[in-house]
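Residue numbers (UniProt numbering): 1 to 159.
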């Protein structure tokens, strides 16, 4: 008989300053192993669908297998409801993506890699042109804690 997956809200390490954790919905897959059900707004290198291991609660989660989604974050002081609704609709319709988290003007989106990086850039760059708000891929860099290192993981080439 197959073991049932259990829904959980897990705490994912973000920073040692505090320390800081982010709560994310996930499916329990086994001892310390989870599948993320949404992309984070703070924790770097993770996205919806990723299979992760939390070996040490005071260290970043380890990605076992990529789920095929980009995590795209926007950080702003405020985004009005109409602007947010328009962006959410465009991401959903044009990119098959989802808005996974909102905290004030901070947004976390999941966008399937198969949507194409050019299409993703087109949607989010158009948003930046009209609002001035920057957007970021938060799960594409190999050394995500080193702001001077822009070495890409290239995981999406296999998606």
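We put the beta carbon where it would ideally sit given N, CA and C, even for glycine.
Asked	Found
Identify, in the order they occur along the chain, each residue of the same chain with its Cβ nearer than 8 Å to the Cβ of residue 58, setting aside the five sequence neighbours on each side.	13, 16, 19
When burial is assigned at 16 or more other CB atoms within 10 Å of the CB, is residue 132 buried or exposed?	exposed
Quick check on DSSP: helix, strand or coil for residue 1?	A caution first: residue 1 carries a pLDDT of 46, below 50, which makes its placement in the model unreliable, though a value can still be read off. Coil.
Can you check DSSP and say which residues form a bridge with residue 38?	In DSSP, residue 38 forms no bridge with anything.
Start and end of the alpha helix (DSSP H) containing residue 128?	117-131
In chain order, what are the residue ranges of uninterrupted beta strand (DSSP E) at least 3 long that sit wholly in the stretch 18-99?	20-30, 33-36, 51-53, 62-65, 69-74
Should residue 198 be labelled buried (16 or more other beta-carbon atoms within 10 Å of its own) or exposed?	The chain is shown only over 1 to 159; residue 198 falls outside these bounds and no answer can be derived.
List the residues that DSSP assigns as beta-bridge partners of residue 143.	None; residue 143 has no bridge partner.
For residue 79, count neighbouring Cβ atoms within 10 angstroms of its own Cβ and tell me buried if that reaches 16, exposed if not.	buried
Evaluate residue 61 with the Cβ neighbour count: other Cβ atoms within 10 Å of its Cβ, from every protein chain shown; 16 or more gives buried, anything less gives exposed.	buried
Would you mind reading off the limits of the beta strand (DSSP E) that contains residue 107?	106-112
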